[in-house]
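Taking my numbering, the leading residue of the sequence shown gets 11, the next gets one more, and so forth. Here a beta-carbon is modelled for each residue, glycine too, at the ideal position from N, C-alpha and C. The structure displayed is predicted, hence computed values, not measured ones. Report on one structure; see the data block that follows.
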Amino acid sequence: MNWSALEALISGVNKYSTVFGRVWLSVVFVFRVMVYVVAAQRVWGDENKDFVCNTAQPGCTNVCYDHFFPISHIRLWALQLIFVTCPSLMVVGHVKYREKKDVQYTHSHKGMHLYANPGKKRGGLWWTYVVSLIFKAGFDTGFLYILYYVYEGYDMPRLSKCSLEPCPNTVDCYTSRPTEKKIFTIFMVVSSALCILMCICEMVYLICKRVQKLIKKKHMANKRMFVENHELTPLAKPRSEFMSKSSIRVDPTASVQNLTNMKSEEETSKKM
Numbered sequence: 011m012n013w014s015a016l017e018a019l020i021s022g023v024n025k026y027s028t029v030f031g032r033v034w035l036s037v038v039f040v041f042r043v044m045v046y047v048v049a050a051q052r053v054w055g056d057e058n059k060d061f062v063c064n065t066a067q068p069g070c071t072n073v074c075y076d077h078f079f080p081i082s083h084i085r086l087w088a089l090q091l092i093f094v095t096c097p098s099l100m101v102v103g104h105v106k107y108r109e110k111k112d113v114q115y116t117h118s119h120k121g122m123h124l125y126a127n128p129g130k131k132r133g134g135l136w137w138t139y140v141v142s143l144i145f146k147a148g149f150d151t152g153f154l155y156i157l158y159y160v161y162e163g164y165d166m167p168r169l170s171k172c173s174l175e176p177c178p179n180t181v182d183c184y185t186s187r188p189t190e191k192k193i194f195t196i197f198m199v200v201s202s203a204l205c206i207l208m209c210i211c212e213m214v215y216l217i218c219k220r221v222q223k224l225i226k227k228k229h230m231a232n233k234r235m236f237v238e239n240h241e242l243t244p245l246a247k248p249r250s251e252f253m254s255k256s257s258i259r260v261d262p263t264a265s266v267q268n269l270t271n272m273k274s275e276e277e278t279s280k281k282m
């Protein structure tokens with residue numbers, strides 16, 4: 011596996027990540043990939059050769075080793091790293107699709123751009139980024155459960171008793187360098203748990219930021235409506251007064267004398 015090529019490919023997502031995403035990527039490549047490449051492969055290099063059982067029965071040691079270690083820790087971690095880093099390619103691919111679409115739009119619309127910033131986490135890209143975080147946290151959690159289920163915990167036993175065929179009876183099998191392997195196992199488990207925590211924090215951060223933006227947008231819309239209504243009220247008031255005054259109509263059939271008598275009666279009532 012070419013880890014340098016994988017690192018160069020995945021590190022491209024750094025441009026579109028938040029602070030938590032950059033911390034996650036650093037943890038993956040410094041505390042997991044580097045430890046895997048530099049130290050873990052050497053620690054588990056002799057696990058099959060130095061797995062010794064106190065019997066000379068042919069095939070007994072191999073059967074017991076396969077029973078206690080159905081899948082090697084080192085290979086399980088390799089699968090875990092591949093599955094965990096692949097969801098980041100979803101974000102990179104979505105951004106590349108946006109950039110290509112923007113170039114086509116620019117050519118067909120005389121220099122106008124479809125996206126001001128193709129890497130801005132808005133619309134579909136925001137959902138792609140959140141889904142990638144869910145996949146990363148889910149894969150890490152799944153592999154931690156598999157490791158716990160297969161080996162019945164994260165401990166590395168020094169002595170294991172085996173009575174499977176073709177062993178003649180119950181034999182004792184000894185694991186090579188169990189303390190060193192236990193330390194590396196716990197280190198990788200803690201690193202995976204830290205990556206899960208970073209993914210959860212980033213999801214909470216993105217969701218809270220999105221909700222805050224929606225609340226702010228709604229508040230600005232309500233404020234704009236209030237200002238518009240406040241500005242229209244003074245203009246509407248004289249019109250309403252005019253309508254109320256004009257609504258009092260005089261009977262066109264009334265004579266001049268009747269109108270004069272009505273006015274005199276109104277003035278008399280006001281003086282009283």
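> When the Cα atoms are used, what is the spatial distance from K130 to Y26?
Replying inline: Taking the first residue of the sequence shown as 1, we reach residue 130 at position 120. Taking the first residue of the sequence shown as 1, we reach residue 26 at position 16. Rounded to whole angstroms, K130 to Y26 spans 7 angstroms at the Cα level.
> What's the gap between the Cα of G31 and the Cα of R85?
Replying inline: Numbered from its first residue, the sequence shown carries residue 31 at position 21. Numbered from its first residue, the sequence shown carries residue 85 at position 75. Between G31 and R85, the C-alpha separation is close to 26 angstroms.
>> Counting only C-beta atoms, is G148 closer than 8 angstroms to chain B at any point?
In response: The question asks about chain B, but that chain is absent: this structure has only one protein chain.
> Since W87 contacts C209 with CB under 8 angstroms, what's their CB separation in whole angstroms?
Replying inline: Residue numbering aside, residue 87 sits at position 77 when the sequence shown is read from its first letter. Residue numbering aside, residue 209 sits at position 199 when the sequence shown is read from its first letter. Their Cβ separation, rounded to whole angstroms, is 18 angstroms, which puts W87 and C209 out of contact at 8 angstroms.
> Given 8 angstroms as the limit, is there contact between the segment 151-171 and the segment 182-197, that is, 3 or more CB pairs closer than that?
Replying inline: yes
> So, helix, strand or coil for F30, using DSSP?
Replying inline: On the sequence shown, residue 30 is found 20 positions in, with the first residue counted as 1. Of the three classes helix, strand and coil, the one that applies to F30 here is helix, per DSSP.
> So K146 is in the alpha helix (DSSP H); what residue range does that whole segment cover?
Replying inline: By 1-based counting over the sequence shown, the position of residue 146 is 136. Its alpha helix (DSSP H) spans residues G134 to Y161.
>> Judging by CA-CA distance, which residue of C74, V160 and T138 is the nearest neighbour of K59?
In response: Residue numbering aside, residue 59 sits at position 49 when the sequence shown is read from its first letter. Of the candidates C74, V160 and T138, the one whose C-alpha sits nearest the C-alpha of K59 is C74.
>> Our contact map puts D150 next to V94 with C-beta atoms below 8 angstroms; I'd like the distance itself, whole angstroms only.
In response: On the sequence shown, residue 150 is found 140 positions in, with the first residue counted as 1. On the sequence shown, residue 94 is found 84 positions in, with the first residue counted as 1. Rounded, the Cβ-Cβ distance is 6 angstroms, consistent with contact.
> With distances taken from CA atoms, which of M235, K192 and K219 is nearest W7?
Replying inline: Residue 7 lies beyond the residue range present for the chain, which begins at 11 and ends at 282; the question has no answer from this structure.
> Considering L169, what are the terminal residues of the beta strand (DSSP E) in which it resides?
Replying inline: Along the sequence shown, read from residue 1 onward, the residue named residue 169 stands at position 159. Element bounds for L169: L169 to C172.
> Since L154 contacts S201 with CB under 8 angstroms, what's their CB separation in whole angstroms?
Replying inline: For the purposes of this step, residue 154 is taken as residue 144 along the sequence shown, with counting starting at 1. For the purposes of this step, residue 201 is taken as residue 191 along the sequence shown, with counting starting at 1. Between S201 and L154 the Cβ distance is about 11 angstroms, and since that is not below 8 angstroms, they are no contact.
> Excluding the five sequence neighbours on either side, which residues of its own chain have a C-beta within less than 8 angstroms of the C-beta of M122, listed in chain order?
Replying inline: Along the sequence shown, read from residue 1 onward, the residue named residue 122 stands at position 112. Only Y115 and T116 meet the Cβ criterion.
> Taking contact to mean at least 3 C-beta pairs separated by less than 8 angstroms, is the segment 45-53 in contact with the segment 207-222?
Replying inline: no
> On the three-state DSSP scale, how would you describe Y125?
Replying inline: As a working note, residue 125 is residue 115 in the sequence shown. Reduced to three states, the DSSP call for Y125 is coil.
> What residue from V101, W137 and Q90 has the CA that sits closest to G152's CA?
Replying inline: For this step, residue 152 is matched to residue 142 along the sequence shown. Residue Q90 is the option with its Cα nearest to G152.
>> Quick check on DSSP: helix, strand or coil for D112?
In response: Translated into positions along the sequence shown, residue 112 becomes position 102. Helix at D112.
> Under a Cβ-count criterion, where at least 16 other Cβ atoms within 10 Å of its own Cβ denotes burial, should K46 be classed as buried or exposed?
Replying inline: One-based indexing of the sequence shown puts residue 46 at position 36. Reading off the sequence shown, one finds Tyr at residue 46, where the question assumed Lys. Buried.
> So, helix, strand or coil for D76, using DSSP?
Replying inline: For the purposes of this step, residue 76 is taken as the residue at position 66 of the sequence shown. Correct three-state label for D76: helix.
> Excluding sequence positions up to five away, which residues of its chain have a Cβ less than 7 angstroms from the Cβ of I196?
Replying inline: Reading the sequence shown from its first residue, position 186 is the one you call residue 196. Y164.
> What's the C-alpha gap between S36 and V43?
Replying inline: As a first step, residue 36 is located in the sequence shown; it is residue number 26 there, counting from the start. As a first step, residue 43 is located in the sequence shown; it is residue number 33 there, counting from the start. So the alpha carbons of these two residues sit roughly 10 angstroms apart.
> Roughly how many angstroms separate the alpha carbons of C218 and L224, rounded to a whole number?
Replying inline: Indexing the sequence shown from 1 puts residue 218 at position 208. Indexing the sequence shown from 1 puts residue 224 at position 214. A straight-line Cα-Cα distance of about 10 angstroms links C218 and L224.
> Quick one: what does DSSP say Y164 is sitting in, helix, strand or coil?
Replying inline: What you label residue 164 is simply residue 154 of the sequence shown in a count that begins at 1. Coil.
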